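This report refers to the structure that appears directly beneath it.
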Amino acid sequence: MTDSADLDYLDGNAAAGPLSEFFAVDVVSARGRCAHCGRTAALATARLYPSSHGLLLRCPGCTEILLRLVDSGDSVCLDLHGLSFVELHRDEGGSQPNPQPPA
Amino acid sequence: MRTGWNVAEVIGVTQETTTARTLRLRLPGLTGHRAGQHVDIRLTAPDGYTAVRSYSVASARPGEEIDLTVEELTDGEVSPYLVHQVAAGDQLEVRGPVGGWFVWDPADPSPVQLIAGGSGVVPLMAMLRAHAVADPASAGGSAPFRLLYSVRGPAAVYYRAELDELARSPLVDVTLVYTREAPAGSPSPARRLDAATLTARALPAADNPAVFICGATAFVETVADWLVQAGHSPERIKTERYGGMGAKP
Amino acid sequence: MGIVSPGFFGRRRSDDPALPPGQYRTEDFPVLSAGPTPRISPDEWEFTITTETGQVHRWSWTEFLALKQDDVSTDIHCVTSWSKLGTSWRGVSLDTLFESVESECEFTMAHSYGGYTTNVPLDDLLGGKAWIAHQFDGETLEPAHGGPARLLVPHLYFWKSAKWVRGLELLRQDEPGFWESNGYHMYGDPWREERYW
Ligand SMILES: Cc1cc2nc3c(=O)[nH]c(=O)nc-3n(C[C@H](O)[C@H](O)[C@H](O)COP(=O)(O)OP(=O)(O)OC[C@H]3O[C@@H](n4cnc5c(N)ncnc54)[C@H](O)[C@@H]3O)c2cc1C
């Protein structure tokens with residue numbers, strides 16, 4: 012049980028849906044820098060802990076939190092203070108607009 | 012407020028195996044997607060309670076229609092509903108397709124190694140399908156593709172006939188590894204995927220393939236470690252973990 | 789509200805009077821993982837209470853186990869909507885730990901190994917309402933469930949019962965902890981469904 016709990020995480024890529032409520036482009040393909048250890052990598056490669064009280068993305072290098080998102084139904088709350096920057100590449104997938112609902 | 016939730020119509024259901032079903036959805040206004048992306052599905056109970064889960068897109072068609080294949084987890088909250096209850100004509104709330112990372116880029120000439128554990132074959136199937144319809148003279152269309160598919164037994168294989176068909180292409184190689192039950196008359200017994208089989212059947216690190224691994228978290232973790240030990244660059248390995256759904260390789 | 793999915797009810801919720809609104813009953817003990825599980829050996833474990841004057845009260849594992857132990861049977865309610873009824877715990881009452889502590893403060897912040905924090909008013913920790921628990925169901929508390937020891941404040945949502953607890957800090961003013969600073973309720977009474985801000 013202990014071990015399975017430790018394996019209870021997904022890839023940051025799975026956060027693409029919830030984050031699409033905030034960003035017009037696919038932000039999981041963007042590179043983000045961990046404010047704690049400086050590791051810089053695509054957010055899709057971070058560890059996503061989904062079964063927690065909110066969505067948590069952790070740095071795979073130092074396990075510190077990069078991003079937190081809490082959805083309370085009426086509102087969604089995003090805390091980015093674990094990221095010291097985010098870089099999008101225009102000509103890669105990162106610039107692909109997220110699909111939008113038809114009007 | 013404008014959110015990403017759209018109403019999709021279920022336009023067809025096909026039983027894939029005894030425990031998995033493919034749902035065909037129409038998402039009005041969708042103009043295709045990238046191979047490997049997923050959608051989020053939101054179910055709402057009469058009292059307003061909601062549950063959201065992610066499902067990879069299996070298809071690779073340009074228009075408004077997408078296919079999902081859902082494996083039932085018997086004590087799960089959402090998958091039994093999608094496998095047993097949903098019927099053609101029903102509506103489902105869908106966000107996406109989203110995710111620009113775990114995707115195959117048809118402009119990339121790299122050889123591709125796909126590794127699936129169980130239902131993890133779904134987004135890899137989308138990549139195989141996208142590859143099959145790509146111009147054979149294009150960069151991606153002429154790239155070699157290999158699929159290593161670890162699955163409980165012959166009866167649990169998704170897309171069987173189509174995989175056989177795809178494997179006729181000289182560019183495509185499909186290897187099935189049976190973990191619990193080997194097909195009748197098979198020379199080798201069922202056993203878990205191991206590092207030796209993996210390195211024997213996967214494209215070598217020297218070819219610098221683009222690697223996509225998808226399945227239960229423990230499977231993905233183990234396979235990715237083996238590949239790195241076999242000399243594959245972690246930068247070339249993309250993973251999609253489905254969660255702690257049990258099954259190790 | 790989105791479109792209703794006919795025939796979908798979610799994990800069965802009931803009108804059981806033992807359950808706060810919006811909760812369903814579970815027999816197993818789900819683990820909500822928010823990150824890697826800290827592993828703390830009893831030799832390195834300590835528990836502290838820090839007052840507003842900076843005075844630190846400290847217990848080693850052995851000192852902690854030598855204190856009066858309570859057996860507690862209680863229901864627990866997780867904000868992610870499961871409730872588990874009649875759970876049994878063993879641990880030290882916070883009344884016991886606070887016996888020698890002098891403070892004017894009304895608020896506390898629980899700190900955990902691994903960096904987690906959560907705020908609880910002092911009144912909610914005293915009067916036989918809260919424990920530092922180190923056994924669950926007669927067994928040593930597993931790391932996945934917060935072992936060596938976790939805070940147990942069963943009358944509040946279970947996120948207040950900080951896993952891997954290592955200390956309490958007394959505060960003059962209420963401050964949000966880890967989840968409270970990102971959408972979760974400052975107090976968290978399950979009977980009033982105080983889930984979010
Ligand atoms: C990006 C992505 C793509 C995916 N694509 C696919 C796909 O193409 N096909 C597919 O089949 N799946 C896919 N998955 C997995 C899918 O999202 C679901 O996780 C899966 O269908 C199980 O959902 P469920 O609601 O049925 O199970 P859940 O209810 O989530 O339960 C999963 C297991 O955990 C246990 N459990 C969980 N919570 C509790 C609790 N509170 N109390 C007691 N037990 C609990 C359940 O008993 C069950 O065994 C994907 C996942 C991701 C992240």
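Residue numbers (the numbering used here), protein chains in the order written: chain E, 12 to 114; chain V, 12 to 260; chain U, 789 to 985. Each residue gets a CB set at the ideal place from its N, CA and C atoms; glycine is no exception. Only a predicted model underlies this, so the values are computations on that prediction, with no experimental measurement involved.
Q: From the DSSP output, in three-state form, read off residue 179/V for me.
A: coil
Q) Listing by chain order, which chain E residues have their CB less than 7 Å from the CB of residue 829/U? A) By Cβ distance, chain E contributes nothing, its closest Cβ being about 15 Å from residue 829/U, past 7 Å.
Q) Do you know offhand how far residue 241/V's Cα is from residue 216/V's? A) 7 Å
Q. Quick one: Cα of residue 127/V to Cα of residue 42/E, how far?
A. 26 Å
**Q.** Start-to-end residues for the beta strand (DSSP E) that takes in residue 874/U
**A.** 870-881
Q: Check whether the Cβ of residue 821/U sits closer than 7 Å to any heavy atom of ligand 1, and report yes or no.
A: no
Q. Hey, how far is the Cα of residue 213/V from the Cα of residue 219/V?
A. 11 Å
Q.
So for residue 104/E, helix, strand or coil by DSSP?
A. In this prediction, residue 104/E scores a pLDDT of 48, lower than 50, which makes its location untrustworthy; no coordinate-derived value is stated.
Q.
Just verifying my parser: in three-state terms, what is the DSSP assignment at residue 907/U?
A. strand
Q: Report the rounded CA-to-CA distance for residue 864/U versus residue 812/U, giving the unit in angstroms.
A: 11 Å
Q | Span of the alpha helix (DSSP H) around residue 142/V | A | 132-144
(Q) Just to confirm my understanding: we take residue 186/V, look at its own chain, exclude 5 residues before and 5 after, and list those with CB closer than 6 Å. What are they? (A) 159, 212
Q: Examine ligand 1 and report whether any of its heavy atoms sits within less than 7 Å of the Cβ of residue 814/U.
A: yes
(Q) Residues in the same chain with beta-carbon distance under 6 Å from residue 56/V, minus the five sequence neighbours each way, listed in chain order, please. (A) none
**Q.** Cβ distance (whole Å) where residue 70/V is taken to contact residue 19/V below 8 Å
**A.** In fact, because the Cβ distance is near 13 Å, the residues do not count as touching under 8 Å.
Q. Using the C-alpha atoms, what's the distance from residue 964/U back to residue 974/U?
A. 6 Å
Q: Using a threshold of 8 Å, state whether the C-beta atoms of residue 22/V and residue 35/V are closer than that.
A: yes
Q: Taking only beta-carbon positions, decide if residue 81/E is within less than 8 Å of chain V.
A: no
(Q) Given 7 Å as the limit, tell me if residue 66/V has its C-beta closer than that to any heavy atom belonging to ligand 1. (A) yes
(Q) Please tell me whether residue 941/U and residue 889/U are closer than 8 Å, where the distance is taken between their beta carbons. (A) no
Q) When you compare only the Cα positions, how much space is there between residue 245/V and residue 46/V? A) 21 Å
Q.
Along the chain, where does the alpha helix (DSSP H) containing residue 237/V start, and where does it finish?
A. 228-240
**Q.** Cross-chain neighbours of residue 984/U in chain E, by beta carbon under 7 Å
**A.** 83
Q. Helix or strand or just coil, what does DSSP make of residue 24/E?
A. helix
Q | Boundaries of the beta strand (DSSP E) in which residue 896/U is found, first to last residue | A | 895-900
Q: Would you mind working out which of 835/U, 870/U, 877/U sits nearest residue 849/U, comparing C-alpha positions?
A: 835/U
Q. What whole-angstrom Cβ distance do residue 119/V and residue 150/V have, given they're in contact under 8 Å?
A. 6 Å
Q: Take every Cβ of the region 50-60 of chain E, pair it with every Cβ of the region 18-37 of chain E, and state whether three or more of those distances are shorter than 8 Å.
A: yes
Q: Using a Cβ-Cβ cut-off of less than 7 Å, list which residues of the region 18-41 of chain E approach chain V; keep chain order.
A: 18, 19, 20, 21, 22, 24, 25, 27, 28, 31, 32, 37, 39, 40
Q.
Given this structure, state the Cα-to-Cα distance separating residue 970/U from residue 904/U, to the nearest angstrom.
A. 13 Å
Q) What in chain E is Cβ-close to residue 908/U, meaning under 9 Å? A) Within 9 Å Cβ-Cβ: nothing; residue 908/U doesn't reach chain E, min ~16 Å.
Q: For residue 106/V, return the contacting residues in chain E, with the cut-off set at a CB-CB distance below 8 Å.
A: 28, 31
Q: Please state whether DSSP places residue 16/E in a helix, a strand or coil.
A: With a pLDDT of 49 at residue 16/E, under the threshold of 50, the modelled position of this residue cannot be trusted, and the question is left open.
Q. Any heavy atom of ligand 1 closer than 7 Å to the CB of residue 90/V?
A. yes
Q) How would you write the range of the beta strand (DSSP E) that residue 25/V sits in, first residue to last? A) 16-26
Q.
For residue 828/U, which residues in the same chain have their Cβ closer than 7 Å to its Cβ, ignoring the five residues on either side in sequence?
A. 901, 936, 952
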